[in-house]
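Read left to right, the sequence shown gives residues 38 to 505 (my numbering).
Every residue gets a Cβ at the ideal spot worked out from N, C-alpha and C, and that includes glycine.
Predicted model only: the values in this text are computed from it and were never measured.
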Amino acid sequence: MKKERIFVFKIFCLAIFAIFISLLPSSTFAETKTFVKEYTYHAGDEDSRNSCRTIALREVKRLLLEELGIYLESQTEIKSFQMTKDQITTLTAGIVGAEVIEDTWDGKAYWLKAKIAANPQDVIKSIDSLRKDHGKVKELEELRKKSEKLLLENELLSKELKIAKGSKKQEAEKAYKRNIDNLNATEWFERGYKLSKSGNTTEALKSFSKAIELNPQCPMAYYNRGVIYNELGNHQQAIKNYNKAIELDPQLSAAYNNRGVIYGDIGNYRRAIEDLDKAVELDPQKAVTLRARGDVYYKLRNYRQAINDYAKAIELNPLHAGTYVNRGLSHLCLGNHQQAIRDYDRAIELDPKDILAYINRGLAYNIIGNHQQEIKDYTKAIDIDPLDAGPFRVRGNAYKELGNHQQAIKDLDKAIELDPLYAGAYVLRGLAYSALDNHQQATANMKTAAKLSHENAQKFLRAKGIKW
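Here it is, written out as C-alpha cells:
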C-alpha cells in the first residue's frame, strides 16, 4: 500500500512538472539547430592548398547560409518581416558563423565539412533588430555582393588561365592571386564583424587589420577598424581609419558621420559640422546623423539650429527617447520650459528608465518653481540607479532651496560617498552647513571644493582671505 502511494505521488509530481514545462516560454527550451554541409574544390594548376581552402570555405558557407535561410523562411515570425530569402541569408551572414568540422587536402582536391549551429529564435531576434539598422543592412548586402562577385571572377580567371600563354598568363596568375587575397580578406572582415558584435574588440581589431593587409583597398575594413579604435578611446587612430575609408569611398556617409562625432567630442566643432553636413548630404534620411549634428549645435549654443535637427531626426525616428531628451535640453536653454517638459514626458514614455530624462525634467520643474515635482523626478532617477552621484546632488540642491538643509546634507553626503571628487557637491553641502550656522563645516567643504579646482569655491575663500 505504501509503495502504491509513493508511485501515485511520483506520477502526480511528473504531471505537475509537465504542466510547469508547458507554461514556460518556448525560448527557455528552444532547440539549437545544426546544419552540416560538405564541399570539394578541385585544384587547377594555379591553385595552392591555401587558395583551395579559401574557395572551399566560401562555397560551403554559402551553402550553409542558404540552408539556414530556407529553414528560417518557414518560421512564422520571419514571415511577418516580409523579407526575401536573399535578404534573410544576407542578414544571417552577419549573425552566425560557420565552424569547420573536418577537411582534407591530397594535392588535387580540397574537401571540407562545416556546420552552423544556432538557436533559430535567437537568430530571428537578431534579424529583427538588424533589419531596422539600414546602414548595417546596406553594409551586409554589399559584402554579400562582393563575395559573390569575387567567386565569379575566380571562376572566370581559372578558365582564362587554362588557355592563356606568355605575358597574358602571368597577368592572369597575378589577378588570380589578388582575387584569392581579396576572398581571404572578406573572410577576415566577416570574422571581425562578428567578433565586434559579440564585444571582442581586441580580436576584432586584429581581424580587420588582417583584412586590410590582404586587401588595402577595402574602405569598409578601415571604417570598421575606425569604429573599434573609437570604442577603445583611441580617437586619433579612429580618425586616421575614417580618413582612409573616405579616401577610398568618398560616398561613405557613415565614415563622415563617425568622424564628425569624434571631432564634436574633442571640441573641434567646425570640422564636426563639416563632416556631419556631408553625411546628411549623402544620406538625408539618417536620423542618427541629424541627432549628432544637433548635439554639436547644442555645444555651440546654437539652440534653435539644434532643435531643427532634433525635430528632423524625430520625424525620421519618432521612437528614440534620447532625441527628445536632447531637444528638451535645447528648449530649456531657450526658456521654453513647458515645451522642454513635454519632450521629457515623451522620452520617459518611450524609455521609463532614462535617468537623464528624469533629471532634466526635474531641472525644468526647478526653473518654474515646482520643487515637489522636481524632487519626485530626482527620486525616480535614484530608484533607477542608486549608485549614480548626480541625482543625489541635484536632489540635495532642491532640498536646500526648499530650506530643508538637513535632508540636503544627507543627499550631498551620499553624492560625495559615491563620487569623492564631485566638487559641486562639496560646494552645495558647504552652503547647507552655512545656512545652519555651522561655519566650520561650511569652510571645510569649500576648501575641499577649491582643492578640486572649483572656481566659485576658490573665489569665495579668496574673498574671505582663507587659504586652501
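Cβ neighbour criterion (16 or more within 10 Å) applied to Glu114: Burial call: exposed.
Option in Val362, Leu269, Leu285 and Asp382 with minimal Cα separation from Gln254: Closest option to Gln254, Cα to Cα, is Leu285.
contact_flag[the region 223-238, the region 203-214] where n(CB pairs < 8 Å) is 3 or more: With fewer than three CB-CB distances shorter than 8 Å, the region 223-238 does not count as touching the region 203-214.
Neighbourhood of Phe66 by C-beta distance below 7 Å, restricted to the same chain and skipping five residues each side: Interpretation of Phe66 is limited by its pLDDT of 42, a score under 50 that renders its predicted location unreliable; no figure is taken from the coordinates.
Lys488 classed as buried or exposed, judged by whether at least 16 other C-beta atoms fall within 10 angstroms: It is exposed - the Cβ of Lys488 has fewer than 16 other Cβ atoms within 10 Å.
Spatial distance of Leu498 from Glu454 (CA atoms): Their backbone Cα atoms lie some 24 Å apart in a straight line.
DSSP three-state assignment for Phe226, whether helix, strand or coil: The answer is helix: DSSP assigns Phe226 an H, G or I state.
Coil, strand or helix - Thr121 by DSSP: DSSP places Thr121 outside both helix and strand once states are collapsed to three, so it counts as coil.
Buried versus exposed, by CB contacts within 10 Å (16 or more), Asp420: Around the Cβ of Asp420, a 10 Å sphere holds fewer than 16 other Cβ atoms; the residue is exposed.
Proximity below 7 Å, CB of Tyr347 to CB of Thr360: Yes, these two residues count as a Cβ contact at 7 Å.
Other residues of its chain near Leu269: CB distance less than 7 Å, five sequence neighbours each side excluded: Correct list, in chain order: Thr238.
CA nearest to the CA of Ala222, picked from Ser244, Lys231 and Leu232: Checking every option, the nearest Cα to that of Ala222 belongs to Ser244.
Where Glu454 sits in the DSSP three-state scheme: The answer is helix: DSSP assigns Glu454 an H, G or I state.
Identity of the residue in Lys98, Ser88, Asn87 and Glu185 nearest Val73 by Cα: For the residues Lys98, Ser88, Asn87 and Glu185, the minimum Cα distance to Val73 belongs to Lys98.
Range of the contiguous alpha helix (DSSP H) that encloses Ala343: First-last of the alpha helix (DSSP H) with Ala343: Tyr340 to Leu353.
Segment contact, 8 Å Cβ cut-off, at least three pairs: the region 363-376 with the region 331-345: By the Cβ criterion, the region 363-376 is in contact with the region 331-345, since at least three pairs of Cβ atoms, one from each stretch, lie closer than 8 Å.
DSSP state of Asp140 mapped onto helix, strand, coil: Strand at Asp140.
With 16 other Cβ atoms within 10 Å as the buried cut-off, status of Arg262: Arg262 counts as buried, since at least 16 other C-beta atoms from the protein chains shown sit within 10 angstroms of its C-beta.
Every unbroken alpha helix (DSSP H) inside the region 389-471 [4 residues or more]: You should have 392-404, 408-421, 426-438 and 442-455.
Residue from Thr326, Ser111, Lys145 and Asp159 whose Cα sits closest to the Cα of Ile132: Among Thr326, Ser111, Lys145 and Asp159, the Cα nearest to that of Ile132 is on Asp159.
For Ala486 and Gly502, believed in contact at Cβ under 8 Å, the rounded distance: The Cβ separation is near 17 Å, so there is no contact.
Among Arg215, Lys196, Tyr76 and Ile404, the one whose alpha carbon lies nearest that of Ala146: Closest by C-alpha distance to Ala146, out of Arg215, Lys196, Tyr76 and Ile404, is Tyr76.
Neighbour-count burial assignment, Lys349, 16 or more Cβ in a 10 Å radius: Per the 10 Å Cβ criterion, buried.
Delimiting residues of the alpha helix (DSSP H) encompassing Glu68: Looking at the DSSP string, Glu68 is not in any alpha helix (DSSP H), and its letter there is neither H nor E.
For Trp505, three-class secondary structure by DSSP: Here DSSP, grouped into helix, strand and coil, assigns Trp505 to coil.
7 Å CB neighbourhood of Lys451 in its chain, flanking five on each side removed: Close CB contacts of Lys451 within its chain, under the 7 Å cut and outside five residues either way in sequence, are with Phe429 (chain order).
With 16 other Cβ atoms within 10 Å as the buried cut-off, status of Thr121: The residue in question, Thr121, is exposed, as its Cβ has fewer than 16 Cβ neighbours within 10 Å.
Within 7 Å, strictly: CB atoms of Ile310 and Val333: Contact check for Ile310 against Val333 passes: the beta carbons are separated by less than 7 Å.
Asp82 burial status per 10 Å Cβ neighbour count (16 or more: buried): It counts as exposed.
Between the CA atoms of Glu386 and Ala472 - distance to the nearest angstrom: One Cα belongs to Ala472, the other to Glu386, and the distance between them is close to 38 Å.
Identity of the residues DSSP links to Lys496 by a beta bridge: Note: Lys496 sits in no beta bridge, so no partner.
Own chain residues within Cβ distance below 7 Å of Leu393, not counting five before or after: Once the five neighbours on either side are set aside, the close Cβ partners of Leu393 are Val362.
Three-state secondary structure (DSSP) of Ile3: Lying before the first or after the last residue shown, residue 3 is absent from the chain, which here runs from 38 to 505.
Span separating the alpha-carbon of Ala426 from that of Asp388: Near 21 Å, if we compare the C-alpha coordinates of Asp388 and Ala426.
Coil, strand or helix - Leu356 by DSSP: Here Leu356 sits in coil by DSSP.
C-alpha distance - Glu139 paired with Lys150, whole-angstrom precision: The alpha-carbon atoms of Glu139 and Lys150 are separated by roughly 5 Å.
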